[in-house]
Amino acid sequence: MNGTMPPEPSRVARTGLRIAHLYPDLLDLYGDRGNVLVLRRRAEWRGIPVDVDRIGIGDPYRQQDYDLVFLGGGQDQAQRFLRDDLLSRRDELARA
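The numbering used here runs 381 ahead of the 1-based position in the sequence shown.
Right under this line is the structure:
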C-alpha cells in the first residue's frame, strides 16, 4: 500500500444523477424519450441512482437542482408553442 487514500466517489456516485427532461411531451420528434431512458439505464448499471424530472411549460425549474438537462427536438409548431416558456428559462439554462 502506498499510503494514499482511494479517491472519494463523486457527488453523483454518492447521491445519484438528477436529470431535467424539458418539455418531453412536446419535444420527442426523434425518439428523445428513448435517449433519456438509455442515460438512466447506463447510470443504473454502474450503481448510480437516477431521478428524471419531466418539466413542462410553467413547471418550476432550478438549474442548481440538476446534473444534466435534456432538451429534445420538435416540430416547428411545438417549438413556437413553448417559445415564451423556454425564453423565460434562458438564464437558468445558460448557467447549466
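Cβ coordinates follow ideal geometry from the N, Cα and C atoms, glycine included.
Keep in mind it's a predicted model, so treat the numbers as computed, not measured.
Fewer than three Cβ pairs drawn from the stretch 425-432 and the stretch 454-464 lie within less than 8 Å of each other, which leaves the two stretches out of contact. Around the beta-carbon of aspartate 409, 16 or more other beta-carbon atoms lie within 10 Å, marking it buried. Taking C-beta separations shorter than 7 Å and ignoring five residues to either side along the sequence, the partners of aspartate 406 in its chain run Gly437, following chain order. In this structure, DSSP gives alanine 477 a state outside helix and strand, which the three-state scheme calls coil. Tyrosine 411 counts as exposed, since fewer than 16 other beta carbons sit within 10 angstroms of its beta carbon.
Residues of the same chain with a CB within less than 6 Å of the CB of glutamine 444, apart from the 5 flanking positions on each side, are Glu473, Arg476 and Ala477 in chain order. Counting only residues of its own chain and dropping the five nearest sequence neighbours on each side, glycine 439 has a CB closer than 7 Å to the CB of Asp466.
Taking C-beta separations shorter than 7 Å and ignoring five residues to either side along the sequence, the partners of aspartate 446 in its chain run Arg399, following chain order.
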